[in-house]
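**Q**
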Amino acid sequence: MASNAQCSPCSEGGKSMVAFRFCSDCEEMLCKDCVVYHRKFKATKSHHLIEASSIKTTIPLTNKYCTIHKDIFLNFYCVNHDKVCCRACIPKNHQSCKDVIPLEVASQSIKGSYLLADMRSVWKNMNETLCGFDKDQQNNIIDLEKMENNILQQIANIKIDFLKEIEKLEQNFKTDLAVVKSKNLIKSIKTKSSLSNLTALVQKKNQALEFLKENGPNTQLFLELKEQVTEYPEVSKRVQELISSSQRTILKLKEPANMVIPSIGSLIELKEPCNVRYNPVHLSIFRKENEIQLLPGAAHHITNCVATMDNKLLLCNFEYGVNKIYIYTDCKDYATEICLEDQPYAISIFLGTNEAVVTLPNLAYLQLVNTRKMEKSGRVNIDKGCYAVTTFEDTIIVGKHDEIQFLKKDSTTIHIFTLCNMGLIKSVYYFHKEHDIVCRSKHVLRRIKLDFNKSRRCEVHESLQLAKFKDKVQKLSNVEKPCEMTSKYHIGSDVIYQYNISGEGGLAVDEDECLYVCNKSSNQIIRLAKDGLCEVIFSRDVCLENPYSIFFSHNFTKFVISDTLGFIHVFNVKRY
Ligand SMILES: [Zn+2]
Ligand SMILES: [Zn+2]
Ligand SMILES: [Zn+2]
Ligand SMILES: [Zn+2]
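If you want it as structure tokens, here you go:
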């Protein structure tokens, strides 16, 4: 924006004043005097004034008014509809919506939100792609010029080759012509000598007759004539032979019948796809689909939940003395429950099967559950104290105090990893491709690279590593500080990263293998990208309170949050 912009209110009043500030609420340029008034009046006191000279790009004209009620501000956000609306819209369209909140509240954490981060990478990626495409187009124009020149050069070379070929033909022709000419010359020299002899003979005979006619006696003439008469046929024959055997030589050029110059090649125009590919950045939109309120008044502490392929929700109630898993169909309607011998903490379904495994921390076994019949099946024997559980193929991975154990359904242990200073591991996720495991306890979130080649009981000793890689330890600072996870360490070996967090449970992984973590003290669900950047997915601003556990359904179309207040929030995840 030009630094000599005019004050809008003054311009309307017919005065020309240089603008000094820009009010982003009024979308108006203001002069010094108008700024004073703006800051004085109650209605405009809290407006955001920006230095006019610092505005370099065009100020976006975001629509702030309702499209239905054209003169009313869009001041509310309905979480249930994922829609902004005005106060007049609420009684009309959002009467039964539970979570209609002021825009100011909804937008509180927007600068640290995943949506802002994703949208920015969407535009960044698109812009980079278009720039790349533009460059590719320009390169093609330059290439066209180059290709034209190349072809013209090729044709020039073909022409030179043709000329050389024709010169060669000409040379051959000249040689042939010279041979024919000299042959004829030799022949005519031979004829000439025979001709001279004969001419001399004929003249001699004629002269003899002429002489004897004038001077000679008749007798001699008589004798001469008689002799010449006998000689005559012979001489005549020689003359006849000489003339008839002699030919005139005629040389001509026989031009080629139809001289067609062979083709000098033809132009081929090929089309191929441009060098730039557009790989869109995926944008996930979470829309609240449903909210299940567990039986009010009853005691519940839902510590973990999963969904079957047909969207049956299984909820572990860890509340003392209840010992139940609740089942809800279509992620909304209560169907049945499974009674257990003790409190279930966590559950994991063996992908693609009708079997799940449940941890019962107070008992020395894991409960297997048939998710089709919704009843208990076998048991897997293990020491007490297992909280977290996840599965990979038919392997069970459980988290205990400072320990991760890999085991089979027949209770045989595959591997035990001891993780020092981890505490009681309450959530765990296994990245099988990388052999990485992420585990969380009450205060620590840690990602570790596992080495299965080491002895069966392998210690991943954090303090040792911290000492070993002390010089490599690097504190990452978050620019926008969207969460309280500030103490992340990069450690060269087994520990990939570690965050300080709060709250007990909650770990989920999306389609792009980004980790989602509940952070209780900030009432946030945070997404942790592979590069370590984290963004807020949900926060208290959008009616999230005391989130405890989270998970994505098998096809990533649903995201479920259970809170400690007895609510299960089901979100529909749309990926664009
Ligand atoms: Zn203003
Ligand atoms: Zn003014
Ligand atoms: Zn409206
Ligand atoms: Zn609504």
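Each residue of the sequence shown is one higher than the last, beginning at 1 in UniProt numbering. Using N, Cα and C, we set each Cβ at its ideal position, and we do this for glycine too.
Please name the residue in Glu224, Tyr278, Asp143, Leu283 whose C-alpha comes closest to that of tyrosine 576.
**A** For the purposes of this step, residue 576 is identified with residue 576 of the sequence shown, where counting begins at 1. Ranking the options by Cα distance to tyrosine 576, first place goes to Leu283.
**Q** At a Cβ threshold of 8 Å, is glutamine 524 touching chain C?
**A** Structure shown: chain C not included; a single protein chain is present.
**Q** Grab me the residues of isoleucine 261's own chain with a C-beta within less than 8 Å of its C-beta, minus the 5 sequence neighbours each way, in chain order.
**A** Indexing the sequence shown from 1 puts residue 261 at position 261. Phe162, listed in sequence order.
**Q** Any idea what DSSP makes of glycine 352, helix, strand or coil?
**A** Along the sequence shown, one-based indexing puts residue 352 at 352. For glycine 352, the three-state secondary structure derived from DSSP is coil.
**Q** The alpha helix (DSSP H) with proline 102 in it runs from where to where?
**A** Counted from its first residue, the sequence shown places residue 102 at position 102. Segment 100 to 102 is the beta strand (DSSP E) holding proline 102; no alpha helix (DSSP H) there.
**Q** Assuming serine 182 is part of the alpha helix (DSSP H), what are its boundary residues?
**A** Mapped onto the sequence shown, residue 182 falls at position 182. Element bounds for serine 182: 114 to 214.
**Q** Hey, tyrosine 345 and tyrosine 387 are a contact pair by Cβ (cut 8 Å); roughly how many whole angstroms apart?
**A** Here residue 345 refers to the residue found at position 345 when the sequence shown is read from its first residue. Here residue 387 refers to the residue found at position 387 when the sequence shown is read from its first residue. Contact flag correct, Cβ pair sits at about 5 Å.
**Q** Considering only heavy atoms of ligand 4 and the C-beta of each residue, which residues fall inside 5 Å, strictly closer?
**A** Cys78, Asn80, His81, His94, Cys97
**Q** Are tyrosine 326 and leucine 315 close, meaning C-beta to C-beta below 8 Å?
**A** Against the sequence shown, residue 326 aligns to sequence position 326. Against the sequence shown, residue 315 aligns to sequence position 315. Yes, they are a contact pair.
**Q** Shorter than 7 Å, the distance from the beta carbon of isoleucine 101 to the closest heavy atom of ligand 3, or not?
**A** Within the sequence shown, residue 101 is the residue found at index 101, counting from 1. Not under cutoff, so the answer is no.
**Q** Closer than 7 Å to a non-hydrogen atom of ligand 3 - does that hold for the CB of alanine 88?
**A** The count along the sequence shown starts at 1 and reaches residue 88 at position 88. At least one heavy atom of ligand 3 is nearer than 7 Å to the Cβ of alanine 88, so yes.
**Q** By DSSP's criteria, aspartate 563 is part of a beta bridge. Which residues make up the other side?
**A** Taking the sequence shown and counting its residues from 1, the one referred to as residue 563 is at position 563. Answer is Pro547, bridged to aspartate 563.
**Q** Can you check which of these residues, Ser553, Asp136, Phe41, is closest to asparagine 311 by C-alpha distance?
**A** Position 311 of the sequence shown, counting from 1, holds the residue named residue 311. Looking at the Cα atoms, Ser553 is the closest of the given residues.
**Q** Thinking C-alpha only, which one of Phe538, Met126, Ile142 is nearest isoleucine 285?
**A** Here residue 285 refers to the residue found at position 285 of the sequence shown. Of the listed residues, the one whose Cα sits closest to isoleucine 285 is Phe538.
**Q** I'd like the span of the beta strand (DSSP E) that includes tyrosine 334, first residue to last.
**A** Looking up residue 334 in the sequence shown gives position 334. Unbroken beta strand (DSSP E) run through tyrosine 334: 333 to 339.
**Q** Beta carbon of cysteine 66, beta carbon of cysteine 97: below 8 Å?
**A** Start at 1 with the first residue of the sequence shown, and residue 66 comes out as number 66. Start at 1 with the first residue of the sequence shown, and residue 97 comes out as number 97. No. Outside cutoff.
**Q** Is histidine 443 a contact residue of ligand 3, with contact defined as CB to any heavy atom under 7 Å?
**A** Within the sequence shown, the letter at position 443 stands for residue 443. False, no ligand heavy atom lies under 7 Å from that Cβ.
**Q** Under 8 Å, with one C-beta from each stretch per pair, do the region 353 to 365 and the region 386 to 403 reach the 3-pair mark?
**A** Contact between the region 353 to 365 and the region 386 to 403 is present: 3 or more CB-CB pairs across the two stretches fall below 8 Å.
**Q** Under a Cβ-count criterion, where at least 16 other Cβ atoms within 10 Å of its own Cβ denotes burial, should leucine 144 be classed as buried or exposed?
**A** Numbered from its first residue, the sequence shown carries residue 144 at position 144. By the neighbour-count rule (16 or more Cβ atoms within 10 Å), leucine 144 is not buried but exposed.
**Q** Measure from the alpha carbon of serine 11 to the alpha carbon of each residue in Leu30, Phe551, Lys64, then state which is nearest.
**A** Locating residue 11 in the sequence shown gives position 11, counting from the first residue. With distances taken between Cα atoms, serine 11 lies closest to Leu30.
**Q** Please tell me whether, using a cut-off of 7 Å, the distance from the CB of cysteine 66 to the nearest non-hydrogen atom of ligand 3 is below it.
**A** Position 66 of the sequence shown, counting from 1, holds the residue named residue 66. For ligand 3, at least one heavy atom lies less than 7 Å from the Cβ of cysteine 66.
**Q** Excluding five sequence neighbours on each side, which residues of the same chain lie with their C-beta closer than 8 Å to the C-beta of lysine 376?
**A** Sequence index remark: in the sequence shown, residue 376 carries index 376 (1-based). The answer, listed in chain order, is Ile338, Leu340, Gln367, Leu368, Val369, Asn370.
**Q** Report whether the distance from the Cβ of isoleucine 72 to the nearest heavy atom of ligand 3 is below 7 Å.
**A** For the purposes of this step, residue 72 is identified with residue 72 of the sequence shown, where counting begins at 1. At least one heavy atom of ligand 3 is nearer than 7 Å to the Cβ of isoleucine 72, so yes.
**Q** Under 8 Å between the Cβ atoms of lysine 32 and phenylalanine 20?
**A** As a first step, residue 32 must be located in the sequence shown, where it is residue number 32. As a first step, residue 20 must be located in the sequence shown, where it is residue number 20. Cβ distance < 8 Å, so lysine 32 and phenylalanine 20 count as in contact.
**Q** Classify phenylalanine 406 as helix, strand or coil using the three-state DSSP reduction.
**A** Along the sequence shown, read from residue 1 onward, the residue named residue 406 stands at position 406. Strand, per DSSP.
**Q** Should proline 547 be labelled buried (16 or more other beta-carbon atoms within 10 Å of its own) or exposed?
**A** In the sequence shown, the residue the question calls residue 547 occupies position 547. Classification of proline 547: buried, given that the 10 Å Cβ count is 16 or more.
**Q** Nearest by alpha-carbon distance to isoleucine 425: which of Phe417, Arg440, Thr418 is it?
**A** Translated into the one-based positions of the sequence shown, residue 425 becomes position 425. Checked all of Phe417, Arg440, Thr418; the closest Cα to isoleucine 425 is Arg440.
**Q** Buried or exposed for leucine 270, going by 16 or more other Cβ atoms inside 10 Å?
**A** In the sequence shown, the residue the question calls residue 270 occupies position 270. Exposed, because fewer than 16 other Cβ atoms sit within 10 Å of the Cβ of leucine 270.
**Q** Can you tell me the Cα-Cα spacing of histidine 48 and histidine 38, whole angstroms?
**A** As a working mapping, residue 48 is identified with position 48 in the sequence shown. As a working mapping, residue 38 is identified with position 38 in the sequence shown. Each residue's Cα considered, the two are about 10 Å apart.
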